[in-house]
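Peer 1:
Residue numbers (my numbering): 1082 to 1189.
#1: Suppose you measure from the CA of residue 1147 to the CA of residue 1185; what does that come to, to the nearest Å?
#2: Along the alpha helix (DSSP H) that carries residue 1113, what are the first and last residues, could you check?
#3: According to DSSP, is residue 1165 helix, strand or coil?
#4: Taking residue 1157 and residue 1108 to be in contact with their CB atoms under 8 Å, please state how far apart those CB atoms are, rounded to whole angstroms.
#5: Between which two residues does the alpha helix (DSSP H) containing residue 1183 stretch?
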């Protein structure tokens, strides 16, 4: 199916509001302070791993996954800069802003 084409409702058991979106990727638009490059890359990497079905990186998947995530992050950063301001901030806090996640990843 070509990009931009919608999936006929009868072929998809998923509600229309969820189609085309990974439920676990955090909303980055409207964060205060703005989303960091690190947060944008983490979301891009999660997206790329989700659509490819790659759970953990191996020697054969690491380079193409990282290349794709870098490109998706670049485009995402550009998109966030072009989007109008949100009226309300996102309802969830990005994982990299949660102290317990940063501690688990050794980022503090």
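Virtual Cβ for every residue (Gly too), placed ideally from N, Cα, C. Bear in mind the structure is a predicted one, so any value in this text is a computation, not a measurement.
Peer 2: In short:
#1: Working through the chain shown from its first residue, we reach residue 1147 at position 66. Working through the chain shown from its first residue, we reach residue 1185 at position 104. Roughly 22 Å between the two C-alpha positions.
#2: Locating residue 1113 in the chain shown gives position 32, counting from the first residue. From DSSP, residue 1113 is part of no alpha helix (DSSP H); its letter is neither H nor E.
#3: Counting from 1 along the chain shown, the entry for residue 1165 is found at position 84. Reduced to three states, the DSSP call for residue 1165 is coil.
#4: Here the question's residue 1157 lines up with position 76 in the chain shown. Here the question's residue 1108 lines up with position 27 in the chain shown. Rounded, the Cβ-Cβ distance is 12 Å, inconsistent with contact.
#5: If you number the chain shown from 1, residue 1183 lands on position 102. 1180-1186 is the span of the alpha helix (DSSP H), which, as asked, contains residue 1183.
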